[in-house]
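In full-length UniProt numbering, the protein residues as written are 1 to 345. Since the structure comes first, as C-alpha cells, the remarks are kept for the end.
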C-alpha cells in the first residue's frame, strides 16, 4: 500500500461496498489507492491492466463521496466512455444489483437503462429448461435525469460536450451540487481520437472547469509516460495522483501462424482447429478458458462440428450427462437468443 489510510476512509469503503452489494469483495491495492486519492480530493490518473477492476472504482465513488461529504443520498458520478457496448455492460451489471444507472446515446437525444425479465424461448429447443434473465432496454425520461435520480451516468464525450440540452442539465443547480466525480474511461483515446476522429475528446477539460468541486479520475490500461504528461496538460488535471502498475499479462501473447491456401478450404480449417482439439481433449476442465474468433459462418460451423464429432463423450463434464449445460465447448453467434448467449458465456 502506498500510504496509511484513515479509519474514516476504510469505513466509507465498507459503506460503499454494502450499497453496491459487493461486501465480500476484497479490493485490490491499486483500486484502494485510486479511491483514497479521490476521497482525499485529489485528481487521479490510474494506469491499470485490463481485468484490474477499473469500472468498480467509478461505481464505488458514488457512495464513497456521499459518506465523505455526509450527503443524504449517493452522489452523481459521470463516466465518459467511448463505446456503447462498454456502457451497456456496466449499466446491466448495476441494474442487476438494483442500482439506478443509465447511459446516454452519442447524440444525447435518449437515455437508456434496463429492466430484468425472463425470455419466452422456443419450448422445443434444447435450452428450454434454462431460466436466464433477459435485459430489456428501457427509456429514461429527461425529467428523471434532470432531477438527479440516476447516480451513475455513462455518456459519450459528444453527448456531454456538444448537446445543448445535456449541457444545460450539467450546469443546473442539482448537478452542480450532486456531481461528485467525473471519470474518463479509456483516457488514452483523448490523444488517439481527439485530433481528427472524435474531436470532443479534446474538449473534456471543460468538465473540470464546470465541476470545480468534483474529483476527476482518468483510467486506462495503455499509456506511455510521454502520453501521460500530455493528457494531464490537455485535461487540465491539478497535480494528480498517478497510480500505475506493470501492464504485462503473461497469459496474453501473439502467435503468428501461416495458414493453408483457400483452395484447400477444409484442410485449412483442420489445421486451425486440430491443435486446440487435441489440447482440449487431453486437458478437459483444466484447459484454460479460450475464445477463438473466426472470419465467417462456414468456419464457425465447421470448427464446432469438428469438435462435436471428435470430442464425443469427452466433450461433456460429467461425460454421463451429455446436455448443453455440461458441454465444454460452444459456438457463439449474434443470431442466438439471449438465453443461449447467457448459457455460453
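Think of the CB as a built atom: it goes at the ideal place given N, C-alpha and C, for glycine as much as any other residue.
(request) Along the beta strand (DSSP E) that carries residue 183, what are the first and last residues, could you check? (result) On the chain shown, position 183 is the one that residue 183 refers to. Start and end: 179–184.
(message) Quick check: the Cα distance between residue 97 and residue 22, rounded to an integer number of angstroms?
(response) Taking the first residue of the chain shown as 1, we reach residue 97 at position 97. Taking the first residue of the chain shown as 1, we reach residue 22 at position 22. Computed Cα separation, rounded: 9 Å.
(message) At the level of alpha carbons, what is the spacing between residue 13 and residue 243?
(response) If you number the chain shown from 1, residue 13 lands on position 13. If you number the chain shown from 1, residue 243 lands on position 243. Between residue 13 and residue 243, the C-alpha separation is close to 19 Å.
(message) Please report the straight-line C-alpha distance between residue 194 and residue 207, rounded to a whole angstrom.
(response) Along the chain shown, one-based indexing puts residue 194 at 194. Along the chain shown, one-based indexing puts residue 207 at 207. Confidence at residue 194 is low in this model, with a pLDDT of 49, below 50, so the placement of that residue should be treated as unreliable; the coordinate-derived value is given next. The straight-line gap from Cα to Cα measures roughly 15 Å.
(request) Grab me the residues of residue 54's own chain with a C-beta within less than 6 Å of its C-beta, minus the 5 sequence neighbours each way, in chain order. (result) Counting from 1 along the chain shown, the entry for residue 54 is found at position 54. For residue 54, where only same-chain residues beyond five positions count, the Cβ hits under 6 Å are 48, 219.
(request) Return the Cβ separation of residue 38 and residue 217 in integer angstroms, given the expectation that the two are a contact with Cβ distance under 8 Å. (result) Stepping through the chain shown from its first residue, residue 38 is reached at position 38. Stepping through the chain shown from its first residue, residue 217 is reached at position 217. Between the beta-carbon of residue 38 and that of residue 217 there is about 6 Å, and that keeps the pair under the 8 Å contact cut.
(message) Given this structure, state the Cα-to-Cα distance separating residue 249 from residue 266, to the nearest angstrom.
(response) Locating residue 249 in the chain shown gives position 249, counting from the first residue. Locating residue 266 in the chain shown gives position 266, counting from the first residue. Just so you know, the alpha carbons of residue 249 and residue 266 end up roughly 34 Å apart.
(message) Using the three-state DSSP reduction, which class does residue 327 fall into: helix, strand or coil?
(response) In the chain shown, counting from the first residue as 1, residue 327 sits at position 327. Annotated three-state conformation of residue 327 is strand, per DSSP.
(request) Give the DSSP-derived three-state secondary structure of residue 28 in the structure shown. (result) Here residue 28 refers to the residue found at position 28 of the chain shown. In the structure shown, residue 28 sits in coil (DSSP, three-state: anything other than H, G, I, E or B).
(message) Output needed for residue 205: all residues of its chain with C-beta closer than 8 Å, excluding positions within five of it in sequence on either side, in chain order.
(response) Along the chain shown, read from residue 1 onward, the residue named residue 205 stands at position 205. The answer, listed in chain order, is 234, 235, 236.
(request) Find the nearest neighbour of residue 209 within the set 295, 182, 33, judged by alpha-carbon distance. (result) As a first step, residue 209 is located in the chain shown; it is residue number 209 there, counting from the start. Nearest C-alpha to residue 209: 182.
(request) Would you list, in sequence order, the uninterrupted beta strand (DSSP E) runs of no fewer than 3 residues that lie entirely inside the segment 42–81? (result) For the segment 42–81, whole beta strand (DSSP E) runs of length 3 or above, ordered along the chain, are 44–47, 76–80.
(message) Are the CB atoms of residue 200 and residue 161 within a distance shorter than 8 Å?
(response) Sequence index remark: in the chain shown, residue 161 carries index 161 (1-based). Sequence index remark: in the chain shown, residue 200 carries index 200 (1-based). In contact: residue 161 and residue 200 (Cβ atoms closer than 8 Å).
(request) Check whether the Cβ atoms of residue 329 and residue 312 lie closer than 8 Å to each other. (result) As a first step, residue 329 is located in the chain shown; it is residue number 329 there, counting from the start. As a first step, residue 312 is located in the chain shown; it is residue number 312 there, counting from the start. At the C-beta level, residue 329 and residue 312 stay beyond 8 Å of one another.
(request) Starting from the C-beta of residue 50, find all residues in its chain whose C-beta is less than 6 Å away, skip the five residues before and the five after it, and write them out in chain order. (result) Here residue 50 corresponds to residue number 50 of the chain shown, with the count starting at 1. Answer for residue 50: 221, listed in chain order.
(request) Using the DSSP secondary-structure output, state which residues sit across from residue 137 in a beta bridge. (result) Indexing the chain shown from 1 puts residue 137 at position 137. In the DSSP output, where bridge partners are listed per residue, residue 137 has 114.
(message) Could you check whether residue 24 and residue 100 sit closer than 8 Å to each other, using their CB atoms as the reference points?
(response) In the chain shown, residue 100 corresponds to position 100, counting from 1. In the chain shown, residue 24 corresponds to position 24, counting from 1. One thing to note: residue 100 has its Cβ no nearer than 8 Å to the Cβ of residue 24.
(request) With DSSP collapsed to three states, give me the class of residue 155. (result) What you label residue 155 is simply residue 155 of the chain shown in a count that begins at 1. Residue 155 falls in the strand class under three-state DSSP.
(request) Sort 138, 273, 70 by Cα distance to residue 305 and report the nearest one. (result) The residue labelled residue 305 in the question sits at position 305 within the chain shown. Nearest of 138, 273, 70 to residue 305, Cα basis: 273.
(message) According to DSSP, residue 188 sits in a beta bridge with which residue or residues?
(response) Here residue 188 refers to the residue found at position 188 of the chain shown. Residue 188 is not bridged to any residue.
(request) Could you pull the start and end residues of the alpha helix (DSSP H) that residue 165 belongs to? (result) Reading the chain shown from its first residue, position 165 is the one you call residue 165. Per DSSP, residue 165 belongs to the alpha helix (DSSP H) from 164–170.
(request) Below 6 Å CB to CB, which residues in the same chain sit around residue 155 once its five sequence neighbours on both sides are set aside? (result) Reading the chain shown from its first residue, position 155 is the one you call residue 155. 104, listed in sequence order.
(message) Check for me: the beta strand (DSSP E) holding residue 244 runs from which residue to which?
(response) Numbered from 1 along the chain shown, position 244 holds the residue referred to as residue 244. Here the beta strand (DSSP E) through residue 244 covers 241–244.
(request) In angstroms with no decimal places, state the Cα-to-Cα distance between residue 299 and residue 282. (result) Counted from its first residue, the chain shown places residue 299 at position 299. Counted from its first residue, the chain shown places residue 282 at position 282. One C-alpha to the other measures close to 23 Å.
(request) Measure the alpha-carbon distance for residue 334 versus residue 238 and round it to whole angstroms. (result) Here the question's residue 334 lines up with position 334 in the chain shown. Here the question's residue 238 lines up with position 238 in the chain shown. Distance from the CA of residue 334 to the CA of residue 238, rounded to the nearest whole angstrom, comes to 44 Å.
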